[in-house]
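Engineer: Under mature numbering (1 follows the signal peptide of the UniProt record, and there is no 0), read the sequence shown as residues -23 to -1, 1 to 903, first letter to last. Structure below; questions to follow.
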Amino acid sequence: MFAITVVTVAMLIIVMTIQHTLAKTIPGAFIIEYAEDNTSDSIIQQHNRLLSTLGPLSQSLDVRQTYSSPLFRGVSVNLDNNNSPSSSPSFSALQTVANNSSNNEIEDPHHPVLKQLIRNPSVLNIYPIMEVPRPQWIVEEKQVRMPYENTLSQLKNIHQELNITGSGITVGILDSGIDYEHPALGGGFGEGYRVRLGYNLIDSDKDDKEAGTHRGPNDPYDVCLGDVGGHGTHVSGIIAGVDQNKDFLGVAPDVTLGMWRVFGCTGGASEDLIIKAMEMAYAAGCNVINLSLGTQDAWPESSMSVVANRLAENGVVVVSVAGNQGSEGVYLQNSPGAGSKVISVASVDNSFYLTLAVTTDELPDKNYPYAMSSTTKQMPNGTITVLFDEQRPELVTTGCPNAIRTNLSALAPLNGTTLLVRRGDCPFSEKFVFAERLGAQALLIYDEDDKNADHAILALTPGITIPAAGTSKEFAHQLIAIAKKKQEEEEEEGKDGVKTSTPPIIASSINIYFSTQELSRPLLSEGQVSLFSSLGPTYELDLKPTLAGIGGQVYSTLPRRMAGGWGTRSGTSMASPHVTGVVALMLAYYKQKNISVDPLFITEQLQNHAQYVIFEEKPEHPLLQGAGLIQPFTSLQSGIHVSPGYISFNDTENFVKTHQLNIANRGQKVLTAEIQHIPSKAVLSYENTTTRVVSEPHHRDDTHIKLELTASKITLQPGQSVDIQVTAQLPSMDYNYQMYGGFIQFVQKEDGDDKNKEKKNVNDNLLGKTVSVPYFGVLGKLNELPLFDKGFPYLAPAGNSDTMYGSNDIFTLNTTQAQYPDIICRLLSPTSQVTIQVLDQFNNIVGDIDGGPFKYWERNRLSKDQYSRSIQWNGKIATSATNSKESVMIPFGTYRLRVRALKMFGNPNILEQWEEWTSGPILVQQ
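Listed below in structure tokens is the structure:
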């Protein structure tokens, strides 16, 4: 029933368990946002007033969540759709519908409740509810400490020089719960503890089923078992963990933490649940909220992005993830990070890591990483045998059963040694059988194809009894070189042993030692954008990501049941809390100084003073890093502030040629700065000019633009500001939707700088002498891009996309046997509007198919589960005359379906800016 009689914090909680890693729409579930109510009615009265307008139709609604705050007023509901076929995705594609939309009369919703709600002046918006996947992270065998070096993070400067640790600031986290009894997180929950606030939004029956126990609604403890979960605990440790024995100090160790548990032990959550938690965190007084979660949605109109924006408008800084789809091309930002006022965070790699190390007497001053297999507790010291492949003697054996055809008795020197083998050709289990047959006491594995020569591979070895470990290709190559040299020396001296004429070459006199203590090693990719970090921009060409944080190989707390309570994880889920903690430090600093700031100022100040990442001797493109890696000490110490924090020149059809930047001197000294333009390498969006398939991953070239600035140098007195104009000059060349970009840089000059050029740039970044504004744009008209891939759309039997019906093939829709057609659609570009109409044999419009309207579709990708989308037609239509409880079944006869989709930045009133496809004949019969 829809009636609301009580509205308290303890709401009815419905958690939608997700079995997929990618977000999908929850069929029949919607969020209804109320228009601003000028009466003094309570939210209960507003609910019941709306209910009264539905009459008997109210029986088809069940309430999921209710909302009553400055952020959002409304309700989320499930609509009864029992009359649709079980396989039909009815209502699943409905996207945001606004009452003030000029397209409502074209794209009328088809469920009778929605038909009435969309026309109700009390309803502002209706959103579909998306499944929110479990937060993504990458488990690393490399372990980073502290969790960052100061040269990369500037946190030591903040903590020690400014004595700012976050005291007085409340940080809200929406995640999987927290092991608040972890000593590094304060050891308890509630008043007097670091984790003081929070709520458990997970249904107790769900926890009982998955964890065997549950906590009450006011307890956000992570109750999961074994290695399940832990995401929220890791995020919390990054923000505020403290462990002196490990020399671990979170970004803002003295903040007050709040945890709103929105993920159970399996599956994901739902958007309306996340929004409810946002509302709760806001009501609890959080100053900054971390959302290491999201759905793949680069449309800023999604419900979570809208509510996150409203949090920012109400003074709360919201930090979220860019996403972990870095290899899948452009436009892959996540919601709620796609919100224009939300800080979307890219990831850069940490500077160093701790690893178990293996050494050899032959290389006394060096150590190399190793990682014990999943079943190994300790690796034995001793000698190692290097056994070469019979067929390819330049390579080490793979250790597969048929790798050695020589009499195994000739390999007696392997007894009691560790065998070096190459990864590949057979499972690990077969390599162990091979090693045991040769009498080896342990196995050391490396990957010849690993692009990172310093990487120790991790072997999963269930059921294996002998010790095993993975090591780096670099160390394996050193061992190979030593073995070959020893073999050559033995042959020259005429010693007995295996000669080069014998296929296997063996050297077993190399002593190796496996440490049990972790040693520090630098990361070769230090400060580079992590390979997994998603590219922007949004589909409306807003610059996302906003900023970058450290998210590649971050060491932090885990629930005590997991790996002793500590571990390394990677992902933009780890970069986001880095930025969240820094925001808390900045808020604490300005609070201490009695300076009032808002979320926009904090965002711009971090953008202005971020350290941009270098790629091939140029600044990395802003679509990968935003403004760059945050530099909090610089941001607080510098008196320069530039607004806005970035520039989007748009595409060439909507080209905004000139932008204005305001530069303010908020410091105590006269500011003189030179203004420079530094372009980045362009991001190439598409593979070629014919198919327009998005490049996955993206490619680069040297395409760039010229900028004209109204000043090349500025001088500002304290408290003074100036506006400069930035005008883009596009190149004369063939446009292929290259995404150009770069940075406008303000380099502060002081007396004596010219006399000390050699020392000039040593501490420029730390002292805030360099301020940057990123920009980007697209060479090409986005509204000319094709939407449908070649061969799409097409009809197929429901659930069988491999069977394609051509334009002349007759599809029989049998209502008795529930034989329904799917429209299989693959989009090369996103679309904000889609209509699917039913045409009769004379091409007259009969009505829209049941299940629309369709809005804000993402582009499809190359991965199998994202390659295409399907929309099923159940034979029902909605027309302006349809006022019954259900959409009506179309009369028997022959029909066709017409799909029309609006191109990117297309004008819906211009016919040419829609792309159209018409199906073959569909025979509807009983």
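Heads up, the beta-carbon is just placed ideally off N, CA and C, and yes, glycines get one too.
Jot down the residue ranges of each uninterrupted beta strand (DSSP E) in the segment 630 to 660, minimum 3 residues, whole runs only, in chain order.
Structural biologist: 635 to 642, 648 to 656
Engineer: May I have the straight-line CA-CA distance separating P439 from L508, to the nearest angstrom?
Structural biologist: 29 Å
Engineer: Taking contact to mean 3 or more Cβ pairs, one atom from each stretch, closer than 8 Å, check whether the segment 153 to 166 and the segment 189 to 209 are in contact.
Structural biologist: yes
Engineer: Check the C-beta distance from L638 over to D575 and give it rounded, since I have them as a contact under 8 Å.
Structural biologist: No, L638 and D575 are not in contact; Cβ-Cβ is about 19 Å, not under 8 Å.
Engineer: Rounded to the nearest angstrom, what separates R498 and P674 at their Cα positions?
Structural biologist: Across the structure, R498 and P674 are spaced so that their CA atoms are roughly 29 Å apart.
Engineer: Would you mind reading off the limits of the alpha helix (DSSP H) that contains P576?
Structural biologist: Its alpha helix (DSSP H) spans residues 576 to 586.
Engineer: Helix, strand or coil: how does DSSP classify N860 here?
Structural biologist: Unreliable positioning characterises N860 in this predicted model, as indicated by a pLDDT of 46, which lies under 50. The coordinate reading is nonetheless provided below. Three-state result, N860: coil.
Engineer: Could you tell me the boundaries of the beta strand (DSSP E) in which L234 lies?
Structural biologist: 233 to 238
Engineer: E517 to L756, Cα distance in whole Å?
Structural biologist: Going by the C-alpha atoms only, they are around 15 Å apart.
Engineer: If you check the beta carbons only, do I216 and G206 fall under 9 Å apart?
Structural biologist: no
Engineer: Can the beta-carbon of E425 be found less than 9 Å from the beta-carbon of A453?
Structural biologist: yes
Engineer: Tell me whether K463 is buried or exposed, calling it buried when 16 or more other Cβ atoms sit within 10 Å of its Cβ.
Structural biologist: buried
Engineer: Could you tell me whether the segment 236 to 254 touches the segment 130 to 147, where touching means 3 or more Cβ pairs closer than 8 Å?
Structural biologist: no
Engineer: From S573, L535, I527, pick the residue whose C-alpha is nearest to that of M556; which is it?
Structural biologist: Correcting the residue type first, residue 556 is Val in the shown sequence and not Met. If we check each option's Cα against that of V556, I527 comes out closest.
Engineer: With T337 as the anchor, note down where its beta strand (DSSP E) starts and where it stops.
Structural biologist: Judged by DSSP secondary structure, T337 falls within the beta strand (DSSP E) whose first and last residues are 329 to 337.
Engineer: Could you give the distance in angstroms between the alpha-carbon of F831 and the alpha-carbon of E892?
Structural biologist: 15 Å
Engineer: On the three-state DSSP scale, how would you describe L508?
Structural biologist: coil
Engineer: If you draw a straight line from the alpha carbon of N798 to that of V901, how long is it in whole angstroms?
Structural biologist: Residue identity check: residue 798 is Pro in the sequence provided, not Asn. Near 11 Å, if we compare the C-alpha coordinates of V901 and P798.
Engineer: Suppose you measure from the CA of P898 to the CA of E305; what does that come to, to the nearest Å?
Structural biologist: 36 Å
Engineer: If you draw a straight line from the alpha carbon of P751 to that of L601, how long is it in whole angstroms?
Structural biologist: 11 Å
Engineer: Which of the three DSSP states, helix, strand or coil, is assigned to V410?
Structural biologist: helix
Engineer: Taking the beta strand (DSSP E) that G718 belongs to, which residues open and close that run?
Structural biologist: 715 to 726
Engineer: Rounded to whole angstroms, how far is the Cβ of V398 from the Cβ of T375, which I believe are closer than 8 Å?
Structural biologist: 6 Å
Engineer: Who are the Cβ neighbours of L725 in its own chain at under 6 Å, not counting the five residues just before and after it?
Structural biologist: As written in the sequence, residue 725 is Gln, which differs from the Leu given in the question. Within the same chain, Q725 has close Cβ partners A650, K746.
Engineer: Identify whether D366 lies in helix, strand or coil by the three-state DSSP scheme.
Structural biologist: coil
Engineer: Under a three-way DSSP split, which group does I179 fall into?
Structural biologist: coil
Engineer: From G241, E889, S19, L178, pick the residue whose C-alpha is nearest to that of A188; which is it?
Structural biologist: G241
Engineer: Give every residue of the same chain whose Cβ lies closer than 7 Å to the Cβ of F68, excluding the five residues on either side of it in the sequence, and list them in chain order.
Structural biologist: In this predicted model, F68 has a pLDDT of only 34, less than 50, meaning its place in the structure is not dependable; the value taken from the coordinates is given anyway. These residues qualify, in order along the chain: P4, G5, L56, N58, H88, G828.
Engineer: By alpha-carbon positions, which one of N301, T337, D342 ends up nearest to A323?
Structural biologist: N301
Engineer: Would you kindly work out how many angstroms separate the C-alpha atoms of K119 and E451, rounded to a whole number?
Structural biologist: With a pLDDT of 47 at K119, under the threshold of 50, the modelled position of this residue cannot be trusted; read the value that follows with caution. Going by the C-alpha atoms only, they are around 16 Å apart.
Engineer: Does the beta-carbon of M551 have 16 or more other beta-carbons within 10 angstroms, so that it is buried, or is it exposed?
Structural biologist: buried
Engineer: Report the rounded CA-to-CA distance for W850 versus I826, giving the unit in angstroms.
Structural biologist: 6 Å
Engineer: Would you kindly work out how many angstroms separate the C-alpha atoms of T808 and S280, rounded to a whole number?
Structural biologist: 17 Å
Engineer: What distance in whole Å lies between the Cβ atoms of S896 and L772, which are believed to be in contact at a cut-off of 8 Å?
Structural biologist: 5 Å
Engineer: Would you mind working out which of T545, E581, A540 sits nearest V560, comparing C-alpha positions?
Structural biologist: Between V560 and the set T545, E581, A540, the nearest pair of CA atoms involves E581.
Engineer: Closest by CA to G513, which one among Y104, R41, V298?
Structural biologist: V298
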